[in-house]
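Right, one structure below, let's go through it.
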Amino acid sequence: TFDSSDALAKNRPVSKVITLLKDMLKQLAKEAEEDEAIYDKMACWCETNDREKTKAIADAEAKMEMLTTKIEELTAMSARLNSEIKNHEKEVAENQAA
Numbered sequence: 002t003f004d005s006s007d008a009l010a011k012n013r014p015v016s017k018v019i020t021l022l023k024d025m026l027k028q029l030a031k032e033a034e035e036d037e038a039i040y041d042k043m044a045c046w047c048e049t050n051d052r053e054k055t056k057a058i059a060d061a062e063a064k065m066e067m068l069t070t071k072i073e074e075l076t077a078m079s080a081r082l083n084s085e086i087k088n089h090e091k092e093v094a095e096n097q098a099a
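Take 2 as the starting number for the sequence shown in our numbering and just add one per residue.
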């Protein structure tokens with residue numbers, strides 16, 4: 002009779018609901034573990050990516066400053082060389098006239 006009362010308990014609607022709730026609890030725990038693993042991966046990626054991008058931005062800004070300085074130097078050099086060319090052309094013209 003104990004076996005038959007066990008079978009009756011399993012077939013009761015309340016028992017079915019309890020069994021469903023227990024199964025849902027197991028499924029939720031499993032999904033929570035999976036979500037936590039995904040979250041950990043994303044958090045790691047975000048931290049790593051943030052560090053890499055911050056460094057890349059700093060490197061690019063430093064390079065921009067260096068290139069800006071180089072442009073200024075080369076612009077000044079170009080102006081000086083253009084002035085020298087004009088002076089040399091003037092000298093050549095004077096020498097050809099003489």
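Cβ coordinates follow ideal geometry from the N, Cα and C atoms, glycine included.
Distance from the CA atom of Met-25 to the CA atom of Val-18, rounded to whole angstroms, is 10 angstroms. Take the alpha-carbon of Glu-90 and the one of Glu-53: they are about 54 angstroms apart. Going by DSSP, Arg-13 is part of no alpha helix (DSSP H) at all; its letter is neither H nor E. Rounded to the nearest angstrom, the gap between the Cα atoms of Ile-72 and Ala-61 is 16 angstroms.
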